[in-house]
Each structure stands twice: as structure tokens, then as C-alpha cells.
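Notes follow the structure.
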Amino acid sequence: MRILVFFACLTSLLLTTGVPSAQPITECVALGNARPICEFTNPEDIVALPGDQAILIGEYGASAEVSGRLVVFELESEQQHTVYRGEQGAGTAEAGWGDPSCTEPPGKAFNSHGIDLIRRDDGRLQLLVIQHGSREAVELFEVIGAGTEWQVEWRGCVPSPPNASLNSVAAISNGDFFTTQMIPLEPHIDLKQGVPRYITGHAFAWSQSEATFRKIGGTDGAMPNGIVVSPDGRFIYMNATAENTVRKVDVASGRELARAMVHTPDNARWAPDGRILISSLAEDLTGKDLADCMSIKRGACTIPFKIVALDPESMTIVETLYASDGVPMGAGTVGLQVGTDLFIGSFHGDRILRVDLSAK
């Protein structure tokens, strides 16, 4: 039900007149410098693995009964390997990895949402995964390996704050992390009244030393979504999807320092050059377009989107790295740059997109 609630909200985001619905794309054929790689299931978020020989993809899962996966994708061979699926992964709870009260790994219903990867102060790699399947929680995994050989082991979790459906997560090396509540679990948001332009959530900070959540001031907004944090942990950059904004907020004071206008911003990722890459869904879509996208059983939907680069100092959009009219993949939710390649995921569909930026 948590998954259905989230996507019902997403479906309602763009209730305006506009582009007519299109049939799903079932062919896996390149277009220009963009090449789809198929055989995924809702590859919603992506992070880079050390060494830039592989990436890790979080799949949302087809339903509460069909578990999502964590997948390692090799960049050269383009082979994929499942490294975690609900009730099929190894690992036990460990002190210093999340809330001490979380002692059992996720159940079968494992549905990955936002993810982040951080090198901890002790040198170990920690993967954080928002999941809504067997429980509302931030799951913590240790990522072990090198090159293209990787595995993950569950180490703990942090239960979500009461009544919060979390969306994205961003961590720093001391084990602290930041996350966004997109919507409350209750009361139900009446989507028939249109886009919820009122406040539906905010960002939280979670402290490993205190094992508690703290609401971050300056982050109340309409459907908070993607989030990244500066390496020193001083600033967060939070996407407010229904407000078409990205906010820069001082974590300690809760003061909003600046904001940028980005239409329907979804996930955010740091680029190698220090800019923030933000996925932006197109402006002229209807709620029916998104509902049609969610209903497809095979292939990809054709919702137009862009991946834009935001300067974190000036808070201005300085470049569009890639723009899709929906073919060969629509509904892009994340853009991750590795070398001269841009990898794009989607909240619904059977593929990721690999864009050769050197061929622009």
C-alpha cells in the first residue's frame, strides 16, 4: 500500500492539459547518443561503485509480492548481477549500523526507493536504501568487493519516523544521514483536489551517535523528493517536486540560503565536476499520461524529461546534459555520470539509458 500511495501521488503531479498518451516503447534500440539497456524492473535510483567499473542500481519492485532487487551492472561487459533480493541476502545486524532496535533483515517484500553510497570513517562502504516493502525504513548494507566483483551484506536499519513515507537519502562519512518525507502515511491525500501545493513533508537529519531523527528547518514543502548533502555535511540540496524548486539549506540553522527553479525535479546526484545533476520531468503532461505509464506491463513509457546540471554555489541551471522526448526511454528519475557516460534510471519500465556525453 505504501508503494501505491507514493505512485498515486506521483501520478497526480502534472494534472494539466498537454501531451497525449503514447504506447509503450517495447523495442530496445538506440537513438543518437542514447542507448537503452533492458531487462530491468523499475530501476529507480543508481549510484557509482568505487573504481568506475560498475554501478549499483536499486529496483523498486513490481508489487508487494514481487521483491525489488539491488543489482550490480558492469560497465564494460554490460552484465548485471543481483546482489540482494528480499529474504535472499546475507547479513546480520552490527553495532554502529543504524538503530540498535533493528535486529532483523528485511522480509520478502523488499522494495528499494532512494539509495546512497558512502565511504565510512572506518573505511567500509555503506549503502543506504529507502524501502517500503516489509517495513518503512532506511536499510543499511555493507558493500564489499572491487572492480566488477561486488556483494552486499545487510548490517542494520533505521525505522522511518512515525507517519512518514520517505523518498530519498544522502549520507556523510560519520554515519549520519539526511532523508526526505515526500508525504505522510496518514491522512490520505485527496488527489482528486489536484496537485498538493500545500506542505506534505520536509527533510530529516538522523544522527548515528544519538540514534534519533531531527526535522531540518527550512525544508517544509510540497512533496520533497531528491536530496544530496555537501561532503562536509553543512548543506543539503532538496528537491520539492510539486513546487518546481531545489532548495539549498544550512543544516545547523535550518536557514534556506537559496533556491533554483526546476520543473518537477526528481532525484539528484553529484557529478564528478562538483555540479548537481537533477532529473526533471516535462511540463506539459497529464495525470493520465503518468497513470498510463504506471500501467504498462512491458517496455518503457514515453514521458519526456531532462537531466540538468545545477551549480551549487550560484544555484542556477548551467547546462542540460540530456533531453528526451520519451524515446528510447521516458520517465527518467536519476542521472548518474561516470566518466563520459550518463546513466539514467526510471520509476517504471524495463530499462536504463546509457548516454555517451562525448558524442553530444
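Heads up: take any position in the sequence shown, counting from 1, add 149, and you land on the working numbering.
Where a beta carbon is used, it is the ideal one built from N, C-alpha and C, also for glycine.
Since the model is a prediction, treat every value here as computed from it, not as a measurement.
Check whether V400 and I376 have beta carbons under 7 Å apart: No, the pair does not count as a contact, with Cβ atoms beyond the cut-off.
Does D415 come out as helix, strand or coil in the three-state DSSP assignment? Per DSSP, reduced to three states, the secondary structure at D415 is strand.
CA-to-CA distance, C177 to I251, given in whole angstroms: Sequence check: residue 251 is Cys here, not Ile. It is roughly 42 Å from the alpha-carbon of C251 to the alpha-carbon of C177.
Inspect the CB distances between the stretch 292-301 and the stretch 241-249 and report whether three or more fall short of 8 Å. The answer is no - the stretch 241-249 does not touch the stretch 292-301, with fewer than three Cβ pairs under 8 Å.
Residue range of the unbroken beta strand (DSSP E) whose run includes H497: Careful: H497 lies outside any beta strand (DSSP E) and carries neither H nor E.
Looking at M410: is its Cβ nearer than 7 Å to the Cβ of H497? With respect to H497, M410 sits apart: the two C-beta atoms are not nearer than 7 Å.
Return the first residue and the last residue of the beta strand (DSSP E) that F454 is part of. Here the beta strand (DSSP E) through F454 covers F454 to D460.
Assuming D265 is part of the beta strand (DSSP E), what are its boundary residues? For D265, the enclosing beta strand (DSSP E) has its first and last residue at S261 to R268.
For R383, which residues in the same chain have their Cβ closer than 8 Å to its Cβ, ignoring the five residues on either side in sequence? Correct list, in chain order: D399, V400 and A401.
Roughly how many angstroms separate the alpha carbons of G200 and G296, rounded to a whole number? Distance between the alpha carbons of G200 and G296 is about 6 Å.
Could you name the residues that DSSP lists as bridge partners for A319? In the DSSP assignment, A319 forms a beta bridge with F327.
Answer with buried or exposed for V395, where buried requires no fewer than 16 other C-beta atoms within 10 angstroms of its C-beta. Under the 10 Å beta carbon count, V395 is surrounded by 16 or more other beta carbons and is classified as buried.
Could you check whether the stretch 411-425 touches the stretch 344-364, counting it as contact only if at least three pairs of C-beta atoms, one from each stretch, sit closer than 8 Å? With contact defined as three or more Cβ pairs closer than 8 Å, the stretch 411-425 and the stretch 344-364 are not in contact.
Going by C-alpha distance, which of A286, R268 and I186 is nearest Q228? The shortest C-alpha separation from Q228 is found at I186.
Classify D505 as helix, strand or coil using the three-state DSSP reduction. Strand, per DSSP.
Can you tell me which of the three DSSP states C177 falls into? DSSP places C177 outside both helix and strand once states are collapsed to three, so it counts as coil.
Given a cut-off of 7 Å, decide if G481 and D454 are closer than it, judged by their beta-carbon atoms. It is Phe, not Asp, that sits at residue 454 in the sequence shown. Against a cut-off of 7 Å, the Cβ pair of G481 and F454 comes out as a contact.
How big is the Cα-Cα spacing for A179 and L205? So the two alpha carbons sit approximately 22 Å from each other.
Between the C-alpha atoms of G324 and R269, what's the straight-line distance to the nearest angstrom? Computed Cα separation, rounded: 7 Å.
Coarse secondary structure for L198, derived from DSSP in three states: Of the three classes helix, strand and coil, the one that applies to L198 here is coil, per DSSP.
Can you give me the C-alpha to C-alpha distance between D415 and G484, rounded to a whole angstrom? If you draw a straight line from the Cα of D415 to the Cα of G484, it comes to about 10 Å.
Output yes or no for whether 7 Å exceeds the beta carbon distance between T349 and I365. For the 7 Å CB-CB criterion, T349 and I365 do not form a contact.
Using 7 Å as the threshold, is the C-beta distance between N182 and D490 below it? Between N182 and D490, the gap from beta carbon to beta carbon reaches 7 Å or more.
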